[in-house]
Structures are given as structure tokens and as C-alpha cells.
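For the record, the sequence lines run as chains A and B.
Residues 1 to 439, numbered by the numbering used here, are exactly what the first sequence covers, in order.
Residues 1 to 439, numbered by the numbering used here, are exactly what the second sequence covers, in order.
Number of protein chains: 2
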Amino acid sequence: MAIPKDIRIDLPPEGIPKRWYNLAADIGQLEPPLNPGTRKPASPEDFEAIFCKEIIRQEGSAERYIDIPEEVRDNLVYLNRPAPLQRAYRLERSLKTPAKIYFKREDMSPLGSHKGNTALAQAYFNAEAGIHTLTTETGAGQWGTALAMVSNLFDIDCTVFMVRGSFEQKPTRKALMRTYGATVHASPSPQTEFGKKVLKEHPETTGSLGIAISEACEMAAKDPNICYSLGSVLNHVMLHQTVIGQETMEQMRIGGIEPDYLIACAGGGSNFGGFAFPMLGEKIQGRTDCQFIAAESKAAPSLTEGEFKYDFGDTAGFTPLLMMYTLGQEFIPKGIHAGGLRYHGMAPLVSAAMDKGLITARAYEQLETFEAGMAFARTEGMVPAPESCHAVKAAIDIALECKEKKEEKTIVFCMSGHGMLDLYGYEQYLDGTMQDSSV
Amino acid sequence: MAIPKDIRIDLPPEGIPKRWYNLAADIGQLEPPLNPGTRKPASPEDFEAIFCKEIIRQEGSAERYIDIPEEVRDNLVYLNRPAPLQRAYRLERSLKTPAKIYFKREDMSPLGSHKGNTALAQAYFNAEAGIHTLTTETGAGQWGTALAMVSNLFDIDCTVFMVRGSFEQKPTRKALMRTYGATVHASPSPQTEFGKKVLKEHPETTGSLGIAISEACEMAAKDPNICYSLGSVLNHVMLHQTVIGQETMEQMRIGGIEPDYLIACAGGGSNFGGFAFPMLGEKIQGRTDCQFIAAESKAAPSLTEGEFKYDFGDTAGFTPLLMMYTLGQEFIPKGIHAGGLRYHGMAPLVSAAMDKGLITARAYEQLETFEAGMAFARTEGMVPAPESCHAVKAAIDIALECKEKKEEKTIVFCMSGHGMLDLYGYEQYLDGTMQDSSV
Chain A
1 MAIPKDIRID LPPEGIPKRW YNLAADIGQL EPPLNPGTRK PASPEDFEAI
51 FCKEIIRQEG SAERYIDIPE EVRDNLVYLN RPAPLQRAYR LERSLKTPAK
101 IYFKREDMSP LGSHKGNTAL AQAYFNAEAG IHTLTTETGA GQWGTALAMV
151 SNLFDIDCTV FMVRGSFEQK PTRKALMRTY GATVHASPSP QTEFGKKVLK
201 EHPETTGSLG IAISEACEMA AKDPNICYSL GSVLNHVMLH QTVIGQETME
251 QMRIGGIEPD YLIACAGGGS NFGGFAFPML GEKIQGRTDC QFIAAESKAA
301 PSLTEGEFKY DFGDTAGFTP LLMMYTLGQE FIPKGIHAGG LRYHGMAPLV
351 SAAMDKGLIT ARAYEQLETF EAGMAFARTE GMVPAPESCH AVKAAIDIAL
401 ECKEKKEEKT IVFCMSGHGM LDLYGYEQYL DGTMQDSSV
Chain B
1 MAIPKDIRID LPPEGIPKRW YNLAADIGQL EPPLNPGTRK PASPEDFEAI
51 FCKEIIRQEG SAERYIDIPE EVRDNLVYLN RPAPLQRAYR LERSLKTPAK
101 IYFKREDMSP LGSHKGNTAL AQAYFNAEAG IHTLTTETGA GQWGTALAMV
151 SNLFDIDCTV FMVRGSFEQK PTRKALMRTY GATVHASPSP QTEFGKKVLK
201 EHPETTGSLG IAISEACEMA AKDPNICYSL GSVLNHVMLH QTVIGQETME
251 QMRIGGIEPD YLIACAGGGS NFGGFAFPML GEKIQGRTDC QFIAAESKAA
301 PSLTEGEFKY DFGDTAGFTP LLMMYTLGQE FIPKGIHAGG LRYHGMAPLV
351 SAAMDKGLIT ARAYEQLETF EAGMAFARTE GMVPAPESCH AVKAAIDIAL
401 ECKEKKEEKT IVFCMSGHGM LDLYGYEQYL DGTMQDSSV
């Protein structure tokens, strides 16, 4: 098969965006986070124990654009930005669809996913504020790895509380964080008061993301030179991820590509928001009628089955309450390979876009997403991360709908990461031992 | 730290070379391979049972350039070619060296290493010849993965004989090949006569690369529509890999970079040859006095401790004899994480360059190479493959020699692959349980 020359649209290093796009400027007044004690709107001071001032400012900002500091732009090169936009010709051909399918390649980062974009920005602002250590929690390890890696770029330390179950079951993920120089504790740990308390009450516990968040926040709150870093959900995280969508828009402009569908998987919302928000701003301004689809897991279907209400960000109820689509703070999802899609809630900005009818969502079972990932690997040559398989599945479904209707639509989706660290999932799929979350 | 704008030199898709460079044209008459039965120079017909005609023609060619078919060039995009050339500013700074260090990014392939460059070319020529199935052997799985992936691009099947020990210990590598659609057999297998014989005599064996080669060749020899594919050592493999070195030369030209040292790790020689040969041709023509360094493992130090003589390519003695630096066909290297550097011999073209004094070699122990890999991960943000750690170690050593001598030399090395599938090695290093091969 002859490969057309326009298969990949690259941008030069200067193509890294100069400012972040803030959807909060265009989507209308957001419901504010509430202080968990008083249930009144949280003030910036409520966050000062764990976040540096610039991060808090960005979190509450309604400015449409926020300049990306030169040093952050320069360092994005270490995440292999700009990322290519590629056309999935071979997938199109195998589906016999008249639709065009493009994908944005966040898998090209040395971290294997999009997570580094906000990690890098957060590490920079904290280093500028004189913070010497960042703490965070991690489940499967992707976010902890991203923060561990970028901390080196700004000569700060990184401490990761890793859910004990993953700590024991995923030694190579732990090894990767340690290779990047991070200190990794199994959570609950004896390093914090909260961890000690949990260990005393439940010495055999395998931990939870909620417990790990509590430990990371406690460590940050105790020392003014230590801050906490979060990898999804909050407004400033969405903001930093908009480099993805802005690059994509520029690449679509260069390629003369007018999208009918923009698709990304959504767990906490950072990948979907980063990819979709810049174009969603165009939609709010009436400059496109592109449809936006969030692909989520049926194991944690916050957008398709959740309720839009105030809820805690964590399980224990320590964090501020956020106005979001949620399955409830106590919701415990089934164990699926797409660990990044197991969150009980959804980013307030993504939730607001859903509430206003600007975006739609589709939820998928595990098996059908891996089937899509297999089809993608065999046609396009790269193995998608289990999370990204949800976006692939949605893109394939829409391409097949186009075939049915004989419509030459243009589909653009975000390949949020590769699956090189998730091959156990593919093995289970191939061996026929994988189950859907409904089973 | 401000990041200079010239940190990365990209080439556009049109920057993929239009022809392969053949060192055989410049290095002088090579000693021919010998028929294992007659010990006389092997004829092209000797190879026809397992290779297609075009591959055999390339193997024996002395033309300086061989055109790369348009379809091969187009499909190299699926390996994310052209690959960037990047400057390791942060590593330089951490070493306090006046030397400049650049690295070629073969880690950017979706396969994680350089192996796809020749796999793709071989799959193309075999598909053109009407071959419907390619067979090969694989140890750790990198080469098998590369052939499995590219076979899809040309709609042919791929059967991999994987050394039983790896098959059982590295299920995710096997899963990756199967995800790409390959049939994977544990070797020795009941699929071949030779496999059955070995299994009968040694039912508990964990297999060997030699046995797996024999099985793959047997399957190819039995059916005219099946051919065998080899991932290193032979001349046509070196040829296909020269896209690496040619891209690097063009990037050096664009960046005004004049290298004093070119460094690559060497196991069978395909990575070293592909990276170094185009520039080595320039050296033979008197157009550069750059030094070339092959970084090998002390576990299999063919160039530094081997003998230049005729030897078999496999353990069993079924293959033609090749004139090469070798530790002997029966040499069994210690188990090291750099599985790609455990071969007993060295490609005839690399060996000839060594014999003529055109290149030098340095051998390293496992621990010091992982130490170098750790330093690289923490400064430059990507984790090198264990094989590539040998090149990193050589680059660091030379940069430190430059510091000692206050010399502003320019070092360019090949990052042959990333270490995302080798994190167990890093874990061992971090835990202090790793040993050198001399222990």
C-alpha cells in the first residue's frame, strides 16, 4: 500500500504553544470548590498549606490565556514535544470506512503518556517558589513517574506514596520512579501520622488512592518547603494539558483538516480536557460545530451514569468539595487495566462542559476496548495504553457509523499513551482470561 | 537552566534517506562466507532455501549505494523516522565537561529500538517475492517483536521461535509479539524435526538461540513460500540499518556538528554498523578523522578479546562460516540484562573495520553501564535500554577524559533503544542485587 506523504504532520520545536488556554474564560461562571469543614466556598488560603501561590492563582483564574514561561516551553522538548498528528490510513482501510481518522501522539513522550505536560509546569512553578520537594500519590504509577522525571529538570526532590497493592504487584513501575530518583513509599506508610493510624487499624491493608492522597497532603502540609502535586481533576492541570489541543489545532490548520469529531478518553479528565478544550472554546465562540466525545470506562462511568453535584475529591473526605459528575466518594470501581479511568468523579471543567451539553460521553467495557487496541496495533504499528484503547474504540465505532451512512467525516482522537508497561493486559486479552467489569 | 534552541535537530519525513550505504564498496575485498559442508566459498544458491533473491543479492553486493524502494521509505514513517538528533546539555552540565554530547534517538520507534529498520526492508522484499510467511528466532524478544510488527505492513505472516527460557520468563514480550499478530512457539518446539529431536533428548531444556535459529531455518527451508529473516550480523542487515547513520550525517550537517567520536553499542553489530558505516565511509575517503568506538559487554567481548577467524554463526554449526571476530561458536555468555550484546561473534563488516584499524572497541561490565544509564535517565529524562547503556557509558567516559584534558571535543552516540521493557534490570541495580559478569 502506498503511503500518502501527508500521513504525519510535525511541528518544529517553535511550534510548542506560547500560552495555555483556559476554558474557564469561555464556559461561564463555575461553581466554586467548597471548604470541607465549613461547606462554604474555599478561599485561596485554604489551599496554601499544600499548593504554591502561582498554582492557586491559576486554579482560580478566569483569564482566557496564561503565558507559558519560557523555561517551561524549553523543557517541554524533554517530553518530545511538539507531538505529531498522524493519519491512521491503514486502520481506515481495514475498516473500509469513508471517514478520515487522525490521532495525536502523546505516546511519544519518554514517559509513555501525556501526564508529563502538567507535571513539568507544576515542578517549575514550585521550584520558582523555593519549594524543595513535591509529594504526590500514585496508583498504577504513571503519574508518579511523570512527576519523578520532571523533578530532575528543576532540581527538586519528589516523594511518591504508591498504593501498597500496586507497590507490591508492579515492581517495575516502582523501579521506573526510583530510576528517575524519586523516593517511593508503599501507602499506607509509617512516614505519616495518617499512614501510621491506618497501619495500626488495618495492618494487612493493600491501601487506596484516597489514603495515599491523604499521606502526600499531610507531608506537604507539615513543611512550608514541601508542596503537593495533583495529576488530574483540578483546573490548573487541565490548563497545562492544553498544549495538546493547541498543537493539534495548529496541525489541523496546516493540514487543512476540519474535524467533525474530537475524541479522547476520560478518567479524571486531564487528557480529555487538554486535547478538547482549545477546540471547545472555538465551539463556544460559534466557529466550529465539531462534536466532542469523552470515552470512559463502564467500570467508572461518571459522565454517563454519575450525578452532577458537589462531592469530595478523595475517599476519606479530606479534600475540598468539587462540583462534578460523580459516582460518589465511596464508589469503588472494579479492577481494570485502564487504571487511569477508575476515578469516581470528573474534572469540574469537563463536568461543566457536559452539563451545558457541549460534549457527550460513551462508556465501554474492557474487552471491547482491548479488541480495538489490538486492531490498532496490527494496522498502525503501535500498541495503545489501555486508557487510550477507549478512545480508539470510540473512533472505530464512529468510523463504522460513517461507513453505514456513507459519510466522509473527519475523526481526530488523542492517543494518550502507549501500552509498553501494560502488556500484561494484552496477554490476558489474548489468553481469553480477561473479563468485563460487568462480569 | 535555560535550554538552547538547538537542543534537537529534526528532519522532515522527506529526510528519510533515498538509498542505503554499503560499506562493502569502500572497505576492500571481504573474505566470503563458507559453505558449512564443503568449507568452500558459499554460492548465492546456498542461501536460496531460506532467503529471497533480492536479499541474497544485497548480501553479496559491492555497490556503494542501493536505492531504497519508495514503499520502504514511506513505511519507515511507521517507525517514527526520521529520528531526532538531540544534544545532552543536562548530562554535559552534570559531568562538568567541556565536551559536547549528542545522541541519535532510535528509542523513538514504537518498537523501542532500532531493530525495525531492517525488519521492514526484509518484510518488503520477501512480500514482493511472493513469500507469505517469515520465520525467525528471538531471545529476549526485541527482534521477534520488530519482525512481527512490520509483517503487518506488508500483509505477511510471522512465526517466531522464542528461546523457551525467555518464553516462560518474559510473558509480556511474548504478549507483545502476539499483539502484533505473530505466532510464537517456545523453542525447542514440536513444530520442527530438529525441535522434536531436541525435546526427545532433553525434555527439560530451556532452549538456546542456536536451537531456535535451526528451527526457524528448517521451517523456511521446507516451504518455498516461507523465508527466514535474521536481525543482525549479515551484510544486508547492516545495509538496511544505515538509515540511522545517514540521517545523523544530515543532521550534523544542518547543525554544523563535526564529530570527534562516534559511539554505538555492538552485539551482533547491526546498531553499530547502521550508525557508524556512512561516516566510516567518509573516513576511508579521508574526509574526516573522527574516531569510532564500539561499546560491547565484558560478558561477550568479541571485539576486545575475540579472535578474527572463520566461525559458525550459530551454536550447532548449521550456518555458513563467517570471517569475524569471535569468542568461538560454543561460547556461552553469562546472563546479563543487555540480551542484545550476548552474541559470540561480530558482523563480518564490523569485524573487517576492526581488523583494518578503522574502529576501536571498549568492553564494559554490567554494573557500570547501568550506573551510566541511571545518570542519563536523571539528566536527560529517558531511560536507556541495557544495550544502549554501554554506549552511554563510553560517551560519559570520553566526556570525562575531555574534562581531564580540557578538550572541547564533540561526541555523538546512538541511543539504540529505551528501557521500558527492561525495568527489572534497573530494579536489580537499585536494589543492589545486580552482579557483574566477572563475579
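Glycine residues also receive a C-beta, built at the ideal position from the N, C-alpha and C atoms.
Counting only unbroken stretches of 4 or more residues, no alpha helix (DSSP H) element lies wholly within the stretch 253-282 of chain B.
At a cut-off of 7 angstroms between beta carbons, Thr133 of chain A makes no contact with chain B. Take the alpha-carbon of Ala88 of chain A and the one of Ala148 of chain B: they are about 19 angstroms apart.
Neighbourhood of Ile7 of chain B in chain A, by CB distance below 7 angstroms: Val77, in chain order.
A direct Cα-Cα distance of roughly 5 angstroms separates Ala221 of chain B from Ile50 of chain B.
Residue contact with chain A for Met252 of chain B: absent (no Cβ-Cβ distance below 7 angstroms to any residue of chain A).
Gln291 of chain A carries a strand assignment under DSSP once its states are collapsed to helix, strand and coil. If you draw a 10 Å sphere on the C-beta of Gly286 of chain A, you find fewer than 16 other C-beta atoms in it, and that means exposed. In the structure shown, the three-state DSSP call for Asp311 of chain B is strand. For the stretch 164-180 of chain A, the set of residues with a beta-carbon nearer than 9 angstroms to any beta-carbon of chain B comprises Pro171, Thr172, Arg173, Lys174, Ala175, Leu176, Arg178, Thr179 and Tyr180, in chain order. Cβ proximity to chain A below 9 angstroms picks out Gly373, Met374, Ala377, Arg378, Thr379, Glu380 and Gly381 from the stretch 352-381 of chain B. Under a 10 Å Cβ-count criterion, Pro386 of chain A is classified as buried, with 16 or more other Cβ atoms of the shown protein chains found around its own Cβ. Per DSSP, reduced to three states, the secondary structure at Ile56 of chain A is helical. Taking a C-beta distance under 7 angstroms as the contact criterion, Glu168 of chain A and Ala216 of chain A do not qualify as a contact pair.
Taking 8 angstroms as the upper bound for CB-CB distance, Ala361 of chain B and Ile293 of chain B are in contact here, some 7 angstroms apart.
For Glu387 of chain A, not one C-beta of chain B is nearer than 7 angstroms to its own C-beta. Collapsing the DSSP output to three states places Arg164 of chain A in a helix. Among the residues facing chain B, Pro110 of chain A is included, as its CB has a counterpart in that chain under 7 angstroms away.
If you check the CB distance, Tyr102 of chain A and Val412 of chain A come in under 7 angstroms.
The bridge partners DSSP lists for Tyr65 of chain B are B:Tyr21. With a contact defined as Cβ atoms closer than 8 angstroms, Pro320 of chain A and Asn35 of chain A qualify at about 6 angstroms. In this structure the stretch 130-144 of chain B touches the stretch 223-231 of chain B; the number of beta carbon pairs closer than 8 angstroms is three or more. In chain order, Ala146, Leu147 and Val150 place their CB closer than 6 angstroms to the CB of Ala119 of chain A, counting only its own chain and leaving out the 5 sequence neighbours on each side.
With respect to the 7 angstroms criterion, Ala377 of chain B and Tyr78 of chain A are not classified as neighbours on the basis of their beta carbons.
In the three-state DSSP reduction, Ala363 of chain B falls in the strand class (E or B). In this structure, the alpha-carbon of Val350 of chain A lies about 6 angstroms from that of Gly269 of chain A. Counting along the chain, Tyr228 of chain B sits inside the beta strand (DSSP E) bounded by residues Ile226 to Tyr228.
Asp422 of chain B has its alpha-carbon roughly 23 angstroms from the corresponding atom of Arg105 of chain A. The Cβ atoms of Asn235 of chain B and Leu153 of chain B lie no closer than 7 angstroms to each other. When only Cα atoms are considered, Glu193 of chain B and Tyr426 of chain B end up about 39 angstroms apart.
At a C-beta separation below 8 angstroms, Asp10 of chain A has these neighbours in chain B: Asp10, Pro12 and Pro13. Within 7 angstroms of the CB of Met420 of chain B, the CB atoms of chain A belong to Gly112, Met420 and Leu421, in sequence order along the chain. For Val383 of chain B, the nearest CB of chain A lies under 7 angstroms from its own CB, placing it at the interface with that chain.
Judged by beta-carbon spacing, Gly141 of chain A lies beyond the 7 angstroms limit of Arg178 of chain A, meaning their Cβ atoms are not closer than that value.
Residues of chain A whose Cβ lies closer than 7 angstroms to the Cβ of Met149 of chain B are, in chain order, Gly381. Taking every protein chain shown into account, the CB of Lys5 of chain A has fewer than 16 other CB atoms within 10 angstroms, so this residue is exposed.
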